[in-house]
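Trainee:
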Amino acid sequence: MSRRRLPPLSALRAFEAAARHESAKQAAEELSVTATAISHQIRALEESLGVALFVRKPRQLELTMAGRELQQVLESAFDSIGAAVERLSATPSRQAITLSTTPAVAVRWLLSWVCMLRDSHPNIDLRIHASHEPVALDGVTADIAIRYGDGRWPGLVAEKLFDNTFVPACSPLLGLHDATELPRHTLIHFRNQAAISSPMDWAVWQKQAQVPGLDVSAGLVFSDETHAVSAAVGAQGVALMSRQLIEDELREGRLVQPFGPELEGKPFFLVYPESRINDPTILAVREWIMSVPGGLCSV
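Right, dumping it as structure tokens:
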């Protein structure tokens, strides 16, 4: 792209004001400079363009044909610039922030409450990055995250949100009440190959339960927790799920926990860079997340 060949903006402003007022004196008053300065700017512009822009009369400046052509172009351009500046000045600045979390936390916990953030901070544009794999909180990939783990991430503030207790869950339509009946039912598994650390699975559960005849390698396998929950609600089998993420189904009776044992997984934490601990946008999203029903913390 070639560079624009433009005279100095100060000269163009001086000319446009003088042309509009047909007076160097009035143009000087508008621009808070001297009439002599206006005259010098216009003469320099004429020399640069190689054309006369005014016919100078004792008490009036009269535009030449070239001057009128330039005046019309500049008037339109300055009007457009002024309108854009006024429009931008009147629009509150918007802040975009990316929150990274697992698909299940996003769908089953956060999304129903996004309206709370929108109502309290309408100028924040929330972007949700759903992934089982932790991403860099570098302000490019993501800014803030909800992660499960031990709460120790160098350079990050970690605030506990809620525990992560895994329980067997199924539809009451299965009529399942005792763990010894489990081998007669389909196991529902959640496995995600991209995840660095896996949640509790049936193999871990079986080490504690010691149910005779249970084949923990068989059953339905899903790469998305929400699909596993849907299958369990649809009476397709028994899932081992985070109780905190199926609270609605348990409360409403669409799922039941027929027996134990329960397994304590790694808790969920809200994490963000230590360097942004006072960032207003980070603090606003933190306040929203901490106020979402279901978490263990409060602001």
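Read the sequence shown against full-length UniProt numbering and you will find it ends at 299, with the numbers running on by one and no gaps. Even glycine gets a Cβ: it sits at the ideal position worked out from N, Cα and C.
1) Closer than 8 Å by C-beta to R127: which residues in its own chain qualify, once you throw out the five before and the five after it? Chain order, please.
2) Applying the criterion that 16 or more other CB atoms from any shown protein chain within 10 Å of the CB defines a buried residue, is I81 buried or exposed?
3) Buried or exposed: A34, going by 16 or more other Cβ atoms within 10 Å of its Cβ?
4) In or out: R94 buried (at least 16 other Cβ within 10 Å) or exposed?
5) Within the continuous alpha helix (DSSP H) that includes F15, where are the two ends?
6) E262 and T165: beta carbons closer than 8 Å?
7) Can you name the start and end residues of the beta strand (DSSP E) that R243 belongs to?
8) Could you check the C-alpha separation between P122 and E287 for me, to the nearest Å?
9) The beta strand (DSSP E) spanning S291 covers which residue range?
10) What do you get for residue 306, buried or exposed, if any count of 16 or more other CB atoms within 10 angstroms of its CB means buried?
11) Since A239 and A231 are thought to touch, with beta carbons under 8 Å apart, how far apart are those beta carbons, to the nearest angstrom?
12) In whole angstroms, what is the alpha-carbon distance linking F190 and D163?
13) Determine the extent of the beta strand (DSSP E) in which K57 is found, giving its start and end residues.
14) CA-CA distance, M200 and M241?
15) How is F162 classed by DSSP in three states: helix, strand or coil?
16) Could you check whether F15 and L53 sit closer than 8 Å to each other, using their CB atoms as the reference points?
17) Looking only at DSSP bridge pairs, what is Q95 linked to?
18) From what residue to what residue does the alpha helix (DSSP H) around H40 run?
19) Over the uninterrupted alpha helix (DSSP H) stretch that includes E62, give me the two end residues.
20) Using the C-alpha atoms, what's the distance from E249 back to W113?
21) Residue ranges of each alpha helix (DSSP H) run of no fewer than 4 residues wholly in the segment 168-194, ordered along the chain?
22) Can you list, in chain order, the residues of its chain whose CB lies under 8 Å from that of M116, leaving out five sequence neighbours each side?
23) Per the contact definition of three or more C-beta pairs closer than 8 Å, is the segment 136-145 in contact with the segment 272-288?
24) If you draw a straight line from the C-alpha of P58 to the C-alpha of Q72, how long is it?
25) Taking only runs of the beta strand (DSSP E) that begin and end inside the segment 128-154, which ones reach a length of at least 3 residues, in chain order?
26) What's the gap between the Cα of P172 and the Cα of W202?
27) Could you give the DSSP three-state label for P267: helix, strand or coil?
28) Would residue 300 pass as a contact of I188 if the rule is Cβ separation under 8 Å?
29) Check each candidate in A11, L12, S39, S32 and name the one with the smallest Cα separation from S23.
30) DSSP has L156 in a bridge; who is on the other side?
31) Mark residue 349 as exposed unless 16 or more other C-beta atoms lie within 10 angstroms of its C-beta, in which case mark it buried.
Mentor: Reading it off the structure:
1) Contacts found: A96, I97, T98, L99.
2) exposed
3) The question names Ala, but residue 34 in the sequence shown is Thr. Under this definition T34 is an exposed residue.
4) exposed
5) F15: member of the alpha helix (DSSP H) spanning 9-21, first to last residue.
6) yes
7) Here R243 belongs to no beta strand (DSSP E), and DSSP marks it neither H nor E.
8) 14 Å
9) From DSSP, S291 is part of no beta strand (DSSP E) but of the alpha helix (DSSP H) over 280-291.
10) The chain is shown from 1 up to 299; residue 306 falls before or after that span and cannot be answered.
11) A239 to A231, Cβ: 7 Å. Contact.
12) 19 Å
13) 54-57
14) 8 Å
15) strand
16) yes
17) I124
18) 35-49
19) Per DSSP, E62 lies in no alpha helix (DSSP H) segment; the continuous beta strand (DSSP E) that holds it begins and ends at 60-63.
20) Each residue's Cα considered, the two are about 17 Å apart.
21) none
22) W288, S291, V292
23) Judged by Cβ distances under 8 Å, the segment 272-288 makes contact with the segment 136-145, as three or more pairs qualify.
24) The straight-line gap from Cα to Cα measures roughly 24 Å.
25) 144-148
26) 20 Å
27) coil
28) The chain is shown only over 1 to 299; residue 300 falls outside these bounds and no answer can be derived.
29) Checking every option, the nearest Cα to that of S23 belongs to S39.
30) P273
31) This structure does not reach residue 349, given that the chain is present from 1 up to 299, and the question cannot be answered.
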